[in-house]
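What follows is one structure encoded as structure tokens, with my remarks underneath.
Residue numbers (this note's numbering), protein chains in the order written: chain A, 1 to 371; chain B, 1001 to 1354; chain C, 2001 to 2135.
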């Protein structure tokens, strides 16, 4: 028992991220799929795979390129850059607490972390591999990997598949959890002094006039800050404004001819703006994107699915104006019914930003300090 | 792919979360010339606050329905608007609503609602949109539009302080001093004459604002002379009635008539059984819509896409912030069924209204 | 000990009966009727506020979504409301509705209008069993 605890502490120190089964303050237990149980060896293997740049067409791009621990598992770029610096269409969401997400990617096109991990290697603007074979070749010829896959999955080199790879990566990602923010200590830890007065006022705005809590969920005993649903909040609609019909029709026709959703939405800027529609073909979900968590939001800039907003002040203005940055910008006809002008005062806006800054977990504090 | 197979595979899977925009292409055979679609938008309740200020929530509902309807591919043959475009029947409200509707790419046929009518007995509405009862034929189907929100002349022509006073009485759904809706004798005579020209094997689609059936009188989910209308429609083999007013999913089968209610774009009404002090008769067939989260102003609102085939109408409900629904006519059972939730075991907690 | 206390209480009751109707907790049929009238007066005020009497800044009124106060479920409070992120009593949700669909200023918990709204909402739901926490 004491050995295990020591081990856990050592691992935690080594990675600066808790790996213990007990979730951090403010978070529920992590859901673990029955067919991919967590083991320490699997997590370690996943950690190594996650950081391996050889799994890309130019040997320079790993998962960690866009999900960098030093940047709270984002890349601090508006949209991600893959091999040969090719640009995609979407902002890299943080891996932190992705373990709780019910769907993955901004449009939820994959149901779990395993499914998500499969895609970037072979996306033409990310890893750029033609298929998973080249990376499996690398793994099968690397003696350390061979040993690790044998130990974790009991497979011989010839039996290693992409399924094993993504299971290990997902297991690693399920350890990247962050709670224990000043907000958590105040709300769930009983530390009255953990928040400043401005942050406390900002919390009132968050659950009241700001109308934030309905999508960025806070509950009585835990807070994931996401509802795991998809909403059109008005971001990016100007790119296809007035041409939604043509863009949607073209996308559907290409999809019927066999076009891959993952590749299409990341390479075609207009198709990207269709959001959840690209996955479900439901016309009530045009331009709808998944609610991201707000944990560590102050250190995961820039914001929105297209990285179009640079600061939290801009984000607050965007919502305050009812889904647009400026008051005289047009309103999307597809706008979610949850979005409307908020009439926040300058003080309320400042307080709200202060509250959002209270959602940073201690392991990422230094990013905020260095910004 | 024939229709039955399509329902089993394509539609069943698609409706689970969504309705593909290209549904129509998939469902149609080129040889099937009598198959067509139309869209149905209803109950927008555009409300003037003052001057050019209108209630944003209701505006956004209609704006969104129009924008979504414009994404249908291929285009529906036409759109029907099911009534209550205005809240208090003001010309400003009707004008503003029609301006939003003008964004639609398609021709629209309008139905009169009580919120359009009681301030001036429909005068401004008719000035903008023409007669409030009429019929037309489309690809072998006879469409009839009724003004079903008339009432007893004694109530209508009481000594009111103003038309607006009368409007406000009728606008309150749970008003104990209201008066039941009816089609009335004049219109029933017209209907009888209109139907006399139609052969009994011609499919009939009737569009009314109030339910042409009696569900709950207290909220006027009711038409006083419903039975007399049923009698006029009895000789016809295939009759479909589509109505608004109730702001919720309802469907039913009474004899030869299939009933479908359409959603409002503005807000949902509760089901009458959730009023504990009175009895009501929601059709047993109906699997209710999901209960709404009022934060999402469009939740439990929506619009419809209607697929007409072999003289029957399948109603596909587009429900923003919620799962879409499809209620289709089941030939074997002889009544409408929900494609996903009809069996008791398939129902989900949000459908429990109490 | 316990028994002797109980006996003393019983003895007190007997004594009170003998003394006649001057005890503070005794009331008559007329009292009941008057108190009920007092209550119904507040219900009527709540009814009025509920049906457009509340000074709503955007004209929207409670009854537009809740005819006869249906679908308000006073019998289920306190309960978790996701719109507020915690377990709340009914009046907090009434204020949510006032601030959001009605886009108006919230009421204090002990504001007479808040009492009236609750009186009307509960009255329309009379006879339904309590189910706190139910969604």
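In this text, a Cβ means the ideal position worked out from N, Cα and C, and glycines have one as well.
Of all residues in the segment 194-225 of chain A, those with a C-beta nearer than 9 Å to a C-beta of chain C are 206, 207, 208, 209, 211, 213, 214, 217, 218, 219, 220, 223, reading in chain order. The residues 90, 289, 290, 305, in chain order, have a CB closer than 6 Å to that of residue 106(A) in the same chain once the five nearest residues on each side in sequence are set aside.
In this structure, the beta-carbon distance from residue 1320(B) to residue 284(A) falls below 8 Å. Inter-residue distance for residue 1171(B) and residue 1292(B) is about 22 Å (C-alpha atoms, whole angstroms). Rounded to whole angstroms, the separation of the alpha carbons of residue 56(A) and residue 1251(B) is 55 Å. For the segment 2049-2083 of chain C, the residues whose beta carbon sits under 8 Å from a beta carbon of chain A are, in order, 2080, 2082, 2083. Taking 7 Å as the upper bound on Cβ-Cβ separation, chain A lies near residues 1318, 1319, 1320, 1321 of the segment 1309-1323 of chain B. With respect to chain A, the C-beta atom of residue 1120(B) has no partner C-beta closer than 8 Å. Close to residue 1049(B), with beta-carbon spacing below 7 Å, are these residues of chain C in chain order: 2058, 2059.
The beta carbon of residue 269(A) is closer than 6 Å to those of 89 in its chain, skipping five residues each way along the sequence. With a cut-off of 8 Å on Cβ pairs, the segment 137-155 of chain A is not in contact with the segment 70-89 of chain A, counting fewer than three such pairs. Chain-order list of chain C residues neighbouring residue 1160(B): empty, with the shortest C-beta distance near 18 Å, by a criterion of under 7 Å. Membership of residue 1142(B) in any alpha helix (DSSP H) is not indicated; the residue belongs instead to the beta strand (DSSP E) covering 1141-1145. Ranking 264(A), 311(A), 320(A), 232(A) by CA distance to the CA of residue 1068(B) puts 232(A) first.
At a beta-carbon threshold of 7 Å, none of the residues of chain A lie near residue 2105(C); the nearest stands roughly 11 Å away.
Relative to residue 1282(B), the option among 1265(B), 1261(B), 1297(B) whose CA is nearest is 1261(B).
Taking a Cβ-Cβ threshold of 9 Å, the residues of chain B close to residue 2127(C) are 1276, 1277, in chain order. Residue 2041(C) has a beta carbon lying at 8 Å or more from every beta carbon in chain A. Taking a C-beta distance under 8 Å as the contact criterion, residue 1080(B) and residue 1044(B) do not qualify as a contact pair. By the neighbour-count criterion, in which a residue is buried when 16 or more other Cβ atoms sit within 10 angstroms of its Cβ, residue 85(A) is exposed.
A buried status is given to residue 178(A), since no fewer than 16 other beta-carbon atoms sit within 10 Å of its beta-carbon. Among the residues facing chain B, residue 2045(C) is not included, as its CB has no counterpart in that chain under 8 Å away. Residue 1161(B) and residue 2103(C) have their C-alpha atoms roughly 30 Å apart. Taking CB atoms only, residue 1070(B) has a neighbour in chain A less than 8 Å away. For residue 244(A), the chain B residues whose Cβ falls inside 9 Å of its Cβ are 1067, 1070, 1071, in order along the chain. By the C-beta criterion, the segment 169-184 of chain A is judged to be in contact with the segment 22-29 of chain A, since at least 3 inter-stretch pairs fall below 8 Å. Beta bridge pairing from DSSP links residue 1240(B) with 1205(B), 1258(B). Annotated as proximal: residue 271(A) and residue 251(A), with beta-carbon spacing under 8 Å.
Residue pairing by DSSP places residue 1046(B) opposite 1086(B) in a beta bridge. When the five nearest sequence neighbours on each side are left out, no beta carbon in the same chain lies closer than 7 Å to the beta carbon of residue 40(A). At a cut-off of 8 Å between C-beta atoms, residue 1055(B) counts as an interface residue with respect to chain C.
CA-CA distance, residue 2106(C) to residue 2095(C), rounds to 5 Å. The criterion of a C-beta distance shorter than 8 Å is not satisfied by residue 1136(B) and residue 1077(B).
Under the three-pair Cβ rule at 8 Å, the segment 125-141 of chain A does not count as touching the segment 344-361 of chain A. If you check each beta-carbon in the segment 261-286 of chain A against every beta-carbon of chain B, the ones closer than 8 Å belong to 280, 281, 282, 283, 284, 285, 286. In the same chain as residue 223(A), and ignoring 5 residues on each side of it, the C-beta atoms closer than 6 Å to its own belong to 26, in chain order.
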